Amino acid sequence: DTGVSQDPRHKITKRGQNVTFRCDPISEHNRLYWYRQTLGQGPEFLTYFQNEAQLEKSRLLSDRFSAERPKGSFSTLEIQRTEQGDSAMYLCASSYTTQKETQYFGPGTRLLVL
Amino acid sequence: EDQVTQSPEALRLQEGESSSLNCSYTVSGLRGLFWYRQDPGKGPEFLFTLYSAGEEKEKERLKATLTKKESFLHITAPKPEDSATYLCAVQAGTGGFKTIFGAGTRLFVKA
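In the order they appear, the protein sequences are chains W and R. Residues in the first sequence are numbered consecutively from 1, following my numbering. Residues in the second sequence are numbered consecutively from 115, following my numbering.
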């Protein structure tokens with residue numbers, strides 16, 4: 001069990017560019033979550049998948065954000081036309097579906113939009 | 115609306131000085147309450163899950179307890195390596211598996 005991995009770990013981009021992040025969950029975990037965390041705050045829920053189905057999406061997630069999990073394994077989070085306000089740590093977590101689940105987090109991708 | 119409030123925002127302790135962190139929550143039917151530890155620049159590290167009032171869990175110098183309105187993370191005789199941000203999160207029994215986090219308590223333990 002290698003844990004949740006995320007790539008890249010750091011990303012610097014210019015305003016208006018598109019960026020894509022990847023998350024590889026713990027094998028056999030069928031639920032995958034994306035969060036955003038800014039300095040001094042707790043993680044903020046963005047969306048989650050059960051297998052390949054995106055079951056919930058935060059109202060805070062603008063239409064510039066899109067997430068996919070095409071084969072129910074890894075997931076990607078894309079931000080189009082980045083803005084300076086998108087600068088944050090993007091965290092991925094995975095869990096195994098039970099009524100009493102625990103989410104395990106990856107190391108995060110830190111995004112800086114200039 | 116589901117809400118999690120953690121206090122204090124920051125806590126400074128001397129090594130060996132025991133204390134408690136508070137997590138107050140408002141949620142429509144609690145499915146689970148989670149405690150995580152987060153070091154600067156890293157992802158949260160899982161500590162405990164609590165499911166029902168009266169439940170307690172322990173790990174080394176940490177002990178988590180749960181009531182119907184709040185949870186406490188007790189730290190006994192802390193060491194400098196316990197310095198971190200401690201996050202509390204809840205999952206409601208309704209509304210899918212959306213997880214709500216508090217802002218965290220930043221703990222500093224001085225030798």
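C-beta atoms are modelled at their ideal positions from N, C-alpha and C, and glycine is treated no differently. No experiment lies behind these values; they were computed from the predicted model shown.
Chain R within 8 Å of residue i, Cβ atoms only
i, result
"W/Gln-54", "no"
"W/Leu-91", "yes"
"W/Gly-16", "no"
"W/Gln-80", "no"
"W/Arg-31", "yes"
Spatial distance of residue i from residue j (CA atoms)
i, j, result
"R/Gln-152", "W/Arg-110", "15 Å"
"R/Leu-144", "R/Val-204", "7 Å"
"R/Lys-171", "R/Phe-148", "11 Å"
"W/Gln-103", "W/Gln-6", "15 Å"
"W/Met-89", "W/Phe-21", "11 Å"
"W/Ile-79", "W/Gly-85", "12 Å"
"W/Pro-70", "W/Thr-76", "9 Å"
"R/Glu-113", "R/Pro-194", "The requested residue 113 of chain R does not occur in the structure, where chain R is confined to residues 115 to 225."
"W/Glu-44", "W/Gln-37", "6 Å"
"R/Ser-133", "W/Gln-54", "41 Å"
"R/Phe-162", "W/Lys-14", "39 Å"
"R/Ser-166", "W/Glu-101", "14 Å"
"R/Glu-169", "W/Thr-98", "19 Å"
Contact list for residue i against chain W, beta-carbon separation under 8 Å
i, result
"R/Ala-217", "Gly-40, Gln-41, Gly-42"
"R/Gly-210", "Tyr-48, Leu-55, Glu-56"
Where residue i sits in the DSSP three-state scheme
i, result
"W/Gly-85", "helix"
"W/Glu-52", "coil"
"R/Glu-159", "strand"
"R/Asp-196", "helix"
"R/Ser-142", "coil"
"W/Ile-26", "coil"
"R/Lys-183", "coil"
"W/Leu-61", "coil"
"W/Leu-39", "coil"
"R/Asp-153", "coil"
"R/Phe-222", "strand"
CB contact below 8 Å: residue i versus chain W
i, result
"R/Thr-213", "yes"
"R/Phe-186", "no"
"R/Lys-156", "yes"
"R/Thr-163", "yes"
"R/Leu-160", "The question names Leu, but residue 160 of chain R in the sequence shown is Phe. Cβ-Cβ to chain W under 8 Å: yes for R/Phe-160."
Listed by chain order, chain R residues near residue i by CB distance under 8 Å
i, result
"W/Thr-98", "Simply none; closest approach about 10 Å."
Residue i: contacting residues in chain W (beta-carbon distance under 9 Å)
i, result
"R/Leu-201", "Gly-42, Pro-43"
Cβ-heavy atom distance, residue i to the ligand HEM, below 7 Å
i, result
"W/Thr-82", "No copy of the ligand HEM appears in this structure; indeed no ligand is present at all."
Interface partners of residue i on chain R, CB under 7 Å
i, result
"W/Pro-107", "Lys-156, Gly-157"
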